[in-house]
Structures are given as structure tokens and as C-alpha cells.
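To start, the structure under review is shown below, and the notes come after it.
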Amino acid sequence: MSEHEVDLLIVGAGPTGLYGTYYAGFRGLTVALLDALPEVGGQIAALYPEKAIYDVAGFPAVRGQDLVDALYAQAAQADPLLLLGRSAVSVHEHHEGVDVTTDTGDVIRAKALLITAGIGNFTPRKLPVGSEYAGRGLRYFVPRLDELAGLDVVVVGGGDSALDWALGLEPIARSVTLVHRRPQFRAHERSVEQLHASSVRVLTPYEVHKISGEVAVEGVVVTTRAGDRQDLPAQAVVAALGFIADLGPIEGWGLQLRRRHILVDRTMRTNLSRVFAAGDVADYDGKIKLISIGFGEAALAVNHIATVVRPGSSATPGHSSDL
Numbered sequence: 001m002s003e004h005e006v007d008l009l010i011v012g013a014g015p016t017g018l019y020g021t022y023y024a025g026f027r028g029l030t031v032a033l034l035d036a037l038p039e040v041g042g043q044i045a046a047l048y049p050e051k052a053i054y055d056v057a058g059f060p061a062v063r064g065q066d067l068v069d070a071l072y073a074q075a076a077q078a079d080p081l082l083l084l085g086r087s088a089v090s091v092h093e094h095h096e097g098v099d100v101t102t103d104t105g106d107v108i109r110a111k112a113l114l115i116t117a118g119i120g121n122f123t124p125r126k127l128p129v130g131s132e133y134a135g136r137g138l139r140y141f142v143p144r145l146d147e148l149a150g151l152d153v154v155v156v157g158g159g160d161s162a163l164d165w166a167l168g169l170e171p172i173a174r175s176v177t178l179v180h181r182r183p184q185f186r187a188h189e190r191s192v193e194q195l196h197a198s199s200v201r202v203l204t205p206y207e208v209h210k211i212s213g214e215v216a217v218e219g220v221v222v223t224t225r226a227g228d229r230q231d232l233p234a235q236a237v238v239a240a241l242g243f244i245a246d247l248g249p250i251e252g253w254g255l256q257l258r259r260r261h262i263l264v265d266r267t268m269r270t271n272l273s274r275v276f277a278a279g280d281v282a283d284y285d286g287k288i289k290l291i292s293i294g295f296g297e298a299a300l301a302v303n304h305i306a307t308v309v310r311p312g313s314s315a316t317p318g319h320s321s322d323l
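Under full-length UniProt numbering, the letters of the sequence shown match residues 1 to 323, in that order.
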């Protein structure tokens, strides 16, 4: 449990939050970046790090994790205080700023708060068996595929993330087995075609019955409802069973909401004078959810936050090329 003081606290370390962090540094603000996930990158890093993204300005195509890595390198110029793996649970606004308390007991005293929480808190759906192997071979995220190079990997799930990780791991893992409880997949049709054309072993309709290993994962037993059984060698299990998303404690902060999104004005300010929002979590008439628009909303918010943090300063930032 610790206390921190900064000009700006940003809650949400996805693309919008990372860009907002850089921009806060550009405007000369000290900044802390908080996220419930243990890694920066938000949805992109957690759900589709290997997918190509085509609608980010300046990139004909960019792999999700490459975009996150570049945004993180850019944000690092602001020398932010990183507070990962913890959630903001309460907010107290007063005439000098905003005090935010986390689920770990940390208190961040900021002059303003920018919420870039995307779809809110999203937690992975847990594998029904083998929870004791979490962190010892069982994982729910694969931000960097090379962490599993040379291993026998069992991927569990039938959606886009499961197929993306299975196909991405195929060239570098010793073996990849995809286990899904239904014969049909929920993933994009092209990904399903690539899966069946690959060397990935596909087991349907199977479910994980047991994970074994003395210290870490050493094997997986999968079964069908008819009683068929397969014993699979494995040093890694990737459970891609989807996520549960909600705004969590944010809903109790006194913010004006519309369909689980935070309403903002044209400066990205909420109904609380020192609290702003940007990216997918923010809403206003005519809102369109795109990464590129989130970047613009973050810059707009930070420029107006600068006038709150330093009364008398201009919301007009000047050009970065003039520095």
C-alpha cells in the first residue's frame, strides 16, 4: 500500500490510454497509468496480439502487439508511473483534484483523471479444471508467442483468439493441439480454413478433463461426453474461453452513463469537473469507435486537462515538430 501524487492519472492502458500518457508528457504533465491487467495494451494485447490491424493512420497494416509495443515506447517518453495489475475502486473529487484508491490499497492523488477503460474490466472465463496450474503452465493471455517456443501447447477454445494463438504458435511450438467442445468454431471463416490447412491437431468435440504435473503442467487429459479419451503431452495450456466485461466500480463513481458508457462533452469532460474520458468507454452523440478516433479523443482530453491542472495555460498545444 502506497501513496502517489501526479498531475494526471489515466485509468486504462490500452491504445487510447498509452497515447494519452505520451501526450500528457508532451504537455509537461506528470502522469500515472493504471490498469487491472498485468500488461499494457488492453484488449489488443489480451485478445488479438497476432492479428493485423488496417485502420491505424500511417500503417498499411500493423500486428496488434507491434502497435502496442510502439505505443508503449512512445508513452515511455513521459516517464509514467506504471500501476499494473490493480483496479481503481473508488474516486473522491475535491477542489484540488481527485483521489483514487485501488483494490490493493494504493492511493493516487491527481489533479485530474482520464478514464480510457475501453470496454471496462474484462476478466477471462476460467477453465473449469486445473486452476492450481495458473502461472505454472496454464495461462489466459499470450502477449508474446516466443514465450511458448519449443513447447507442446494445448489451446482450449473455438473463437478468434483461440485460432489466432494456435495458428501463430504453429511455426514455433513443438506441437499445437486445439481443443474445442463443439464441432463448429465461432471464429472468422478464413481463420477456420487456415486451421484445417495447418499442422495444428484439432480435437472436437473434446473438453479438458484434467491437467497433470508435479510442479508445472506436464500433460492434459481431454474427453468427450461419449467417454472417448486422449492423453496429450503439454508444457503449456492456453485457455481462450472468452472474457466477461463490465464497468466494475466505475458505475458507482457518480458519472453520467448511457448504456454502460461514460457521457462526455466536446472537451471529453464528464459531469465531474476533473474527470475526463476517451476511447471506447466514452460516449457522445455521433460517437464512432475506432482506435484512430480514440487517439484524437485522448489528445483533445489532455489538452483541456492541461488547463485544469495549470489554470491560465492554453488548450492549444502547438506543434511537436517545433520542440
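C-beta atoms are modelled at their ideal positions from N, C-alpha and C, and glycine is treated no differently.
C-alpha distance - A216 paired with T204, whole-angstrom precision: 25 Å
Cβ contact (3+ pairs, closer than 8 Å) linking the stretch 233-246 and the stretch 128-141: yes
L290, buried or exposed, once every other Cβ within 10 Å from all chains shown has been counted against 16: exposed
Closest residue to V275 among G28, P171, I10, V153 (Cα-Cα distance): I10
CA-to-CA distance, R174 to A45, given in whole angstroms: 23 Å
Check whether V308 and A112 have beta carbons under 8 Å apart: yes
For F141 and L47, the rounded distance between their alpha carbons: 7 Å
C-beta contact flag for V208 and L151 at 8 Å: no
C-alpha distance - Q43 paired with M268, whole-angstrom precision: 22 Å
Nearest-angstrom beta carbon gap, A36 and S87 [assumed within contact, 8 Å]: 4 Å
Buried versus exposed call for residue 328 [16 or more other C-beta atoms within 10 Å across all chains shown]: No information on residue 328 is available, as it lies outside the stretch 1 to 323 that the chain covers here.
Secondary structure of P15, DSSP reduced to three states: helix
Nearest neighbour of H304, chosen from V154, G20, Y206, T101 [CA to CA]: G20
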